[in-house]
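So the structure is just underneath, and the comments pick up after that.
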Amino acid sequence: VGRTLEANGLSIVALEPTTIRWDRREPVKGLSVVARKAQAV
Numbered sequence: 005v006g007r008t009l010e011a012n013g014l015s016i017v018a019l020e021p022t023t024i025r026w027d028r029r030e031p032v033k034g035l036s037v038v039a040r041k042a043q044a045v
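Mapped onto my numbering, the consecutive letters of the sequence shown carry residue numbers 5 to 45.
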């Protein structure tokens, strides 16, 4: 995830495992990502 975001000019602010949805009453685990535009150096 990090490499893909960085390749598109973004930097990760936060990553958190979470339940992204429910399928047949079972939780489906996923990853919540908060990113922002990377600052130019």
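For glycine and all other residues, C-beta sits at the position ideal for the given N, C-alpha and C.
Worksheet item: Cβ atoms of Ile16 and Val2: under 8 Å apart, would you say?
Response: Nothing about residue 2 can be reported from this structure: the residues present for the chain run from 5 to 45 only.
Fill in: Backbone CA spacing between Pro21 and Gly34 [nearest angstrom]
Distance between the alpha carbons of Pro21 and Gly34 is about 6 Å.
Worksheet item: For the beta strand (DSSP E) that contains Arg28, what are its first and last residues?
Response: Looking at the DSSP string, Arg28 is not in any beta strand (DSSP E), and its letter there is neither H nor E.
Practice prompt. In the DSSP assignment, find the unbroken alpha helix (DSSP H) run with Gly6 in it and report its ends.
Written response: 6 to 11
Item to complete: State the DSSP-derived secondary structure class of Ala18, mapped to helix, strand or coil.
Response: strand
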